[in-house]
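J.:
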Amino acid sequence: MRNITMSKISTKLSLLFLLIVSSFFMLKVTASDLGHVIEVKDFTKLSKQMKQQKKGLLLMLHAEGCSYCEALEEDLLYPMVKSGDYPNVFIRKLQIDSGVPVIGFSGKKVDPEAFAQSFGDDFILTPTLMFLDADGKEATEKLIGYNTPSLYGGYVDAQLANMRKVILKKNK
Numbered sequence: 001m002r003n004i005t006m007s008k009i010s011t012k013l014s015l016l017f018l019l020i021v022s023s024f025f026m027l028k029v030t031a032s033d034l035g036h037v038i039e040v041k042d043f044t045k046l047s048k049q050m051k052q053q054k055k056g057l058l059l060m061l062h063a064e065g066c067s068y069c070e071a072l073e074e075d076l077l078y079p080m081v082k083s084g085d086y087p088n089v090f091i092r093k094l095q096i097d098s099g100v101p102v103i104g105f106s107g108k109k110v111d112p113e114a115f116a117q118s119f120g121d122d123f124i125l126t127p128t129l130m131f132l133d134a135d136g137k138e139a140t141e142k143l144i145g146y147n148t149p150s151l152y153g154g155y156v157d158a159q160l161a162n163m164r165k166v167i168l169k170k171n172k
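FYI, in this note's numbering the residues of the sequence shown are 1 to 172.
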């Protein structure tokens, strides 16, 4: 009788252990599960991934307290990430007024505002969506501001299609 009871306890403990271990695998959390777009810190690391996977970069330049930036992320960018319908692009953001240096495409640390200004603008309006290739070059024209939300997704999709053509042409 005692062996049967010990066997049942052992079986139940084994099942409990398996349940606990499997729950850890189910708790794998990604950035898209957290409800936001990833803030980029290292463009060289991202560039390597872009080259390997032949993807472009949709980069939102944003600022602290920018309500239009928050709306753009919430209304459009986060749903794009979550949907999985954009496999050919990395969607990231960069806070240009953070003062926290990032690693640029050159591999050197750079202030986010200086990074944004390196694309030829003396000042940056936020939000700005940039469409970059793996070398950090603009693949197509940027979108500045966020207006007409009902149409904006179409503008973004058109620019993503243009960027994709440029990237495929480069990778021939």
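C-beta atoms are modelled at their ideal positions from N, C-alpha and C, and glycine is treated no differently.
Which full runs of the beta strand (DSSP E) of 3+ residues lie inside the stretch 50–104, going along the chain?
T.: 56–62, 89–95
J.: Contact check, Ala139 vs Ile96 under 8 Å by CB: the rounded distance?
T.: Wrong, their Cβ atoms sit about 20 Å apart, outside the cutoff.
J.: Assign Val37 to one of two classes, buried (16 or more other C-beta atoms within 10 Å of its C-beta) or exposed (fewer than that).
T.: buried
J.: Within a Cβ cutoff of 6 Å, which residues of the same chain sit near Lys136, ignoring the five residues on either side of it in sequence?
T.: It is Gly, not Lys, that sits at residue 136 in the sequence shown. The answer, listed in chain order, is Phe105.
J.: So, helix, strand or coil for Thr110, using DSSP?
T.: The question names Thr, yet the displayed sequence has Val at residue 110. Reduced to three states, the DSSP call for Val110 is strand.
J.: In the DSSP assignment, the beta strand (DSSP E) including Ile124 goes from what residue to what residue?
T.: It is not in any beta strand (DSSP E) - Ile124 carries neither H nor E in the DSSP assignment.
J.: Considering only their Cβ atoms, is the gap separating Val89 from Val102 smaller than 8 Å?
T.: Here Val102 is not near Val89, since their CB atoms are 8 Å or more apart.
J.: From which residue to which residue does the beta strand (DSSP E) around Lys142 run?
T.: 138–144
J.: Closest by CA to Leu125, which one among Gly153, Lys170, Met60?
T.: Met60
J.: Near Met50, what residues of its chain come up, given a Cβ to Cβ distance below 8 Å and the 5 sequence neighbours on each side ignored?
T.: Gly56, Leu57, Phe90, Asp133, Ala134
J.: If we call anything under 8 Å between Cβ atoms a contact, is Leu94 one with Glu39?
T.: yes
J.: In angstroms, rounded to a whole number, what distance separates the CA positions of Asp157 and Ser67?
T.: 22 Å
J.: Return the Cβ separation of Leu160 and Phe131 in integer angstroms, given the expectation that the two are a contact with Cβ distance under 8 Å.
T.: 7 Å
J.: With DSSP collapsed to three states, give me the class of Asp135.
T.: coil
J.: Skipping 5 residues on each side, what residues in its chain have a beta carbon closer than 6 Å to that of Leu72?
T.: Pro127, Tyr146
J.: May I ask which residues mark the beginning and end of the alpha helix (DSSP H) holding Asp157?
T.: 149–170
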